[in-house]
Amino acid sequence: MAKRKEENFFSPENAKRPRQEELDDFDKDGDEDECTVSFTNGTSTLTAAEVGIIESIQLRNFMCHSMLGPFKFGSNVNFVVGNNGSGKSAVLTALIVGLGGKAVATNRGSSLKGFVKDGQNSADISITLRNRGDDAYRANVYGNSIVVQQHISMDGSRSYKLKSETGTVVSTRKEELIAILDHFNIQVDNPVSVLTQEMSKQFLQSKNEGDKYKFMEVYRLLIVFSLLIQFFMKATQLEQMKEDYSYIMETKERTKEQINQGEERLIELKRQCLEKEERFQSIAGLSTMKTNLEYLKHEMAWAVVNEIEKQLNAIRDNIKIGEDRAARLDRKMEEQQVRLNEAEKKYKDIQDKLEKISQETNARAPECMALKTDVTAKKRTYNEAEVLYNRSLNEYRALMKDDEQLCKRIEELKKSTDQSLEPERLERQKKISWLKERVKALQDQESSINQEIEQFQQAIEKDKEERVRIKREELDVKHTLSYNQRQLKELKDSKTDRLKRFGPHVPALLEAIDDAYRRGRFTCKPIGPLGACIHLRDPELALAIESCLKGLLQAYCCHNHADERVLQALMEKFYSRGTSRPQIIVSEFRNEMYDVRHRAAYHPDFPTVLTALEIDNAVVANSLIDMRSIETVLLIKSNSVARAVMQSQKPPKNCREAFTADGDQVFAGRYYSSENTRPKFLSKDVDSEISDLENEVENKKAQILNLQQHLSTLEKDIKRNEEFLRRRQIHYRELKVKITESISEIRELENIEEHQSVDIATLEDEAQENKIKMKMVEKNMEQQKENMEHLKNLKIEAENKYDAIKQKINQLSDLAEPLKDELNLADSEVDNQKRGKRHYEEKQKEHLDTLNKKKRELDMKEKELEEKMSQARQICPERIEVKKSASILDKEINRLRQKIQAEHASHGDREEIMRLYQEARETYLDLDNKVRTLKRFIKLLEEIMTHRYKTYQQFRRCLTLRCKLYFDNLLSQRAYCGKMNFDHKNETLSISVQPGEGNRAAFNDMRALSGGERSFSTVCFILSLWSIAESPFRCLDEFDVYMDMVNRRIAMDMILKMADSQRFRQFILLTPQSMSSLPSSKLIRILRMSDPERGQTTLPFRPVTHEEEEDRS
37 MAKRKEENFF SPENAKRPRQ EELDDFDKDG DEDECTVSFT NGTSTLTAAE
87 VGIIESIQLR NFMCHSMLGP FKFGSNVNFV VGNNGSGKSA VLTALIVGLG
137 GKAVATNRGS SLKGFVKDGQ NSADISITLR NRGDDAYRAN VYGNSIVVQQ
187 HISMDGSRSY KLKSETGTVV STRKEELIAI LDHFNIQVDN PVSVLTQEMS
237 KQFLQSKNEG DKYKFMEVYR LLIVFSLLIQ FFMKATQLEQ MKEDYSYIME
287 TKERTKEQIN QGEERLIELK RQCLEKEERF QSIAGLSTMK TNLEYLKHEM
337 AWAVVNEIEK QLNAIRDNIK IGEDRAARLD RKMEEQQVRL NEAEKKYKDI
387 QDKLEKISQE TNARAPECMA LKTDVTAKKR TYNEAEVLYN RSLNEYRALM
437 KDDEQLCKRI EELKKSTDQS LEPERLERQK KISWLKERVK ALQDQESSIN
487 QEIEQFQQAI EKDKEERVRI KREELDVKHT LSYNQRQLKE LKDSKTDRLK
537 RFGPHVPALL EAIDDAYRRG RFTCKPIGPL GACIHLRDPE LALAIESCLK
587 GLLQAYCCHN HADERVLQAL MEKFYSRGTS RPQIIVSEFR NEMYDVRHRA
637 AYHPDFPTVL TALEIDNAVV ANSLIDMRSI ETVLLIKSNS VARAVMQSQK
687 PPKNCREAFT ADGDQVFAGR YYSSENTRPK FLSKDVDSEI SDLENEVENK
737 KAQILNLQQH LSTLEKDIKR NEEFLRRRQI HYRELKVKIT ESISEIRELE
787 NIEEHQSVDI ATLEDEAQEN KIKMKMVEKN MEQQKENMEH LKNLKIEAEN
837 KYDAIKQKIN QLSDLAEPLK DELNLADSEV DNQKRGKRHY EEKQKEHLDT
887 LNKKKRELDM KEKELEEKMS QARQICPERI EVKKSASILD KEINRLRQKI
937 QAEHASHGDR EEIMRLYQEA RETYLDLDNK VRTLKRFIKL LEEIMTHRYK
987 TYQQFRRCLT LRCKLYFDNL LSQRAYCGKM NFDHKNETLS ISVQPGEGNR
1037 AAFNDMRALS GGERSFSTVC FILSLWSIAE SPFRCLDEFD VYMDMVNRRI
1087 AMDMILKMAD SQRFRQFILL TPQSMSSLPS SKLIRILRMS DPERGQTTLP
1137 FRPVTHEEEE DRS
């Protein structure tokens, strides 16, 4: 921050001292007024304001103006000139408001929203402050300039943006702006920094001299602040000094009161201390008994240590034994693991062999079926060929016999010439023809009857097969009906007790478990059935979850094998031998559920069994995770979607299987349908289940009745068809007999010797035809025999192949049977080894828990030993040999203590009296020391405050004299006389000014002066205040409005002279004059405002109270 450098600007001998900053620190942007060197009476003065001055102002939609600026101000003197309404006062008002001032401080508006131009929604003010040199504010953040932007809304609210030189927003908080203003010593509400026309008028015409004094007090505070920076390097204000002085004096009075109270208390404490000392001197010592008591306490302390050391040795021995046992258990667990690995390897080897045999059998099955079909076909073909051959053989034999008969007949006819038997022969021929026709008719009847027999046999066979199927179906329906009736009864019972859904004996079993637990038979109370401990989040998944968990819903959990044996014994009372019992899961009970996040299945659309259940008990959740891995099983309601998720693509990570809402089980390469159609244990709507089951029971009963009726009908049909078959078979046999008899009769008639004469030539022709037929039949027989032999060979070959592969399949089956038995034995062995491993793990865990408990007990005992040894050393530093036990020593101590108490009862406790005496003495001395310290403090404080008050009065007197001196000298520029009367006691200030020759003129109140005289006096008073103030810039609005040309010239020269002497200060002067008569100087900048727009009217402002402005801002 800039320091005051002027001495007495109106004395020609005293020039401005040069500033010590280097020229390189000034701005190099080309502004001609940024760096100036002037020479006055041969003295070089470096002039450039570095911090806090206004570089530029820009307004938008402010008051009556759409856009003003940007106005770039010089670093020293700036004149803002223009006609009334051109925006001069708007710039000054924007300066006050833009730097956080209140609307009422401008005397131009009642609230902030009044500064927004009519018809616009907001106004914006942008002010750029210089920030250079060593006193710059956060130069590394803001740079050489700080831009303060303020946005004013129509509702009167405002917001800030504090930007750096580069335009970066650094802060939007008003507190930052206040910090900047404090750093630059800028007070826009202070008339020294910004003096408006209205404020000057009110000041000069004020009837209240107290107002003038208070007006002066503001500038006094500023100069005090500057002086203390120079001399004490600490910010100080006269008013604050005054308040601090008052506060310290109040503190001093309170301290004196405390000293008085302390002195009164000292008298009482001294009396009590003397009483305690007299009593202490009057008590006789009990040193002997107390010495003995102390020695016994020493022995007691080390006796306790001895006993704890004995306990520690016993615990260490137990821990050593326990560690040896833990090592043995580890070896047993390792051996058990080896056996388990061997059993699992054996099981896997057998399983692999069975799988290989099964694969080989399955591979040979199609070939076996094909060979069997081929053998059957070849047998049928061979049999057909054999039938044809036999027919041909029979035909050939018949032809042979006919040939023999013809030859014999020809011979007989040749020998016989007797023709008397010819009529008889004709009669036989006629009868033979009739018999042949009859045989043909009977054979036709035989064929018809045979077809009817086959039809009846097929009908009977079909009816019997249907009867077997109906009986099997009836049996299945009866089983289902019985199951449904049991389930219906359980559901009805579960309406009063839900636990009966898990079995009729469950409530009684749970009561027995509770009773056994109350009697202490269980380490931890078993939990179950597990289905009663879980709840569904989605009732539609009940069947899926039941299909997944199955028997686990009826299972129980036990903490250890001892609890399992107790529970098995309880179950024997309710479940008879041979009936299935609920499963018992043995696993240590934990209070926290397993963390399965790293191995659980996940799908964004489908839950796992674990997430689909609400499980309050961590033991239940852990058991289901151990036994069924429910965290890896997905639940997918749709069967098709389940197939798509598990089989059409790669299954989700960690997912082993899935279940559908119908209870179907889906693997990556397999699909198993559920046998159940409804949930049994987890359904919530019991009434609906009961209703459905009742309907289903009725349907099953009706189905059984229909099946029985159908069965009765089939029985009747079978009996009727069997009767028809029996009749047809009798008729068939009768026809067979008749056909046989007719054929025999034909043969007999044909074989009767005929004595009649026949035509030998005819018989010879017939014999010749018969021989031709015989040759043809013989040829056919040879071909058929060859074909039959070929077919026989093919049949034998096919039979051999079929027998071979059948034998191999049988051999594989024979091999598989013992392997299945071995697999079952291996499976049992694996289960046994797993149970054995779990047994040793649980024993090891229980043992380690006990061992760890012992070790913790050892640690506690060791800590206790350390504490007791530490206590014993405090009581007796050297360890002593103690032969007595702690209990005996305790009794002796109690007896001796009783003796000492008896002595104390008569004489009092010496230690207690000594303690009270010491406490009373220490309290007295402590309070006496405090009182002495406070007295010294009060004395020193009085000396300091006396010195400070004198300094305060000296500061105030100095400032008063300086202000009077500056004011008188400034008035003398025009031969005016002035007088300033300060009354610091009453805090009043009166100013009197007389134009003309001062000694001969009477002093008048400033209200009696003319406008020009009053304006000139105002300038003199303001300049005197400027001389003792440290604000970086000064603003005056229309300072010369009431002056004539002479006063205006003199006032202007005074201001310019002061500005020249204070080139590190910035002066902004607003005037309606043209200022064309000003001398040309690099230190002076004139900003001319444009003429106002035609038709511009006065702003609708009204005064407001200070409280209103506080509320709005």
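37 is the number of the first residue of the sequence shown in the working numbering; add one for each residue after it. Each residue gets a CB set at the ideal place from its N, CA and C atoms; glycine is no exception.
DSSP, reduced to helix, strand and coil, places residue 106 within a strand of the structure shown. The beta carbons of residue 428 and residue 820 sit about 6 Å from each other, so the pair counts as a contact at 8 Å.
Straight across, the Cα-Cα distance linking residue 703 with residue 641 is about 18 Å.
DSSP places residue 1102 in the uninterrupted beta strand (DSSP E) bounded by 1102 to 1107.
88 is the residue among 332, 135, 546, 88 whose C-alpha sits nearest the C-alpha of residue 175. Beta-carbon to beta-carbon, residue 697 and residue 576 are separated by about 6 Å, close enough to satisfy the 8 Å threshold. Burial check for residue 285: the Cβ neighbour count within 10 Å stays below 16, so the residue is exposed. The Cβ-Cβ distance between residue 545 and residue 663 does not fall below 8 Å. Counted as a single uninterrupted DSSP element, the stretch harbouring residue 88 is not any alpha helix (DSSP H) but the beta strand (DSSP E) occupying residues 87 to 98. Relative to the Cα of residue 1049, the nearest Cα in the group 830, 1063, 1086, 1062 belongs to 1086. Nearest neighbour of residue 629 by Cα position, chosen from 154, 652, 309, turns out to be 652. Judged by DSSP secondary structure, residue 604 falls outside any beta strand (DSSP E) and instead within the alpha helix (DSSP H) spanning 597 to 610.
For residue 694, the enclosing beta strand (DSSP E) has its first and last residue at 693 to 695. Annotation: residue 405 to residue 660 spans about 46 Å, alpha carbon to alpha carbon. Ranked by Cα distance from residue 871, the options 372, 889, 381, 233 are led by 372. The Cβ atoms of residue 135 and residue 217 sit closer than 8 Å to each other.
Per DSSP, residue 592 lies in no alpha helix (DSSP H) segment; the continuous beta strand (DSSP E) that holds it begins and ends at 592 to 594.
DSSP, read as helix, strand or coil, puts residue 738 in helix. In terms of CA proximity to residue 516, 732 leads the group 785, 732, 539, 125. Using a Cβ distance threshold of 8 Å, residue 694 and residue 666 do not count as a contacting pair.
The C-beta distance from residue 438 to residue 807 rounds to 10 Å, too long to meet the 8 Å contact threshold.
Secondary structure note for residue 196: its beta strand (DSSP E) is the uninterrupted segment 194 to 199.
According to the DSSP assignment, residue 207 belongs to the beta strand (DSSP E) that extends over 205 to 207.
In this structure, the beta-carbon distance from residue 165 to residue 232 does not fall below 8 Å. Less than 8 Å separates the beta-carbon of residue 894 from that of residue 355. Taking the Cα of residue 426 as reference, the smallest distance to any Cα among 931, 1001, 816 is reached at 816.
Using a Cβ distance threshold of 8 Å, residue 562 and residue 594 count as a contacting pair. Three or more pairs of CB atoms, one per stretch, sit closer than 8 Å, so the segment 1056 to 1072 contacts the segment 1102 to 1114. For the 8 Å CB-CB criterion, residue 835 and residue 411 form a contact. If you check the CB distance, residue 600 and residue 622 come in under 8 Å. With a 10 Å radius around the Cβ and a threshold of 16 neighbouring Cβ atoms, residue 334 comes out buried. Within a 10 Å sphere around the beta-carbon of residue 987 sit fewer than 16 other beta-carbons, which makes this residue exposed. When the five nearest sequence neighbours on each side are left out, the beta carbons in the same chain lying within less than 7 Å of the beta carbon of residue 539 are those of 590, in order along the chain.
Relative to residue 654, the option among 212, 825, 626 whose CA is nearest is 626. Between the segment 759 to 775 and the segment 505 to 523, the count of C-beta pairs closer than 8 Å stays below three; the two stretches do not touch.
Residue 1018: member of the beta strand (DSSP E) spanning 1013 to 1019, first to last residue.
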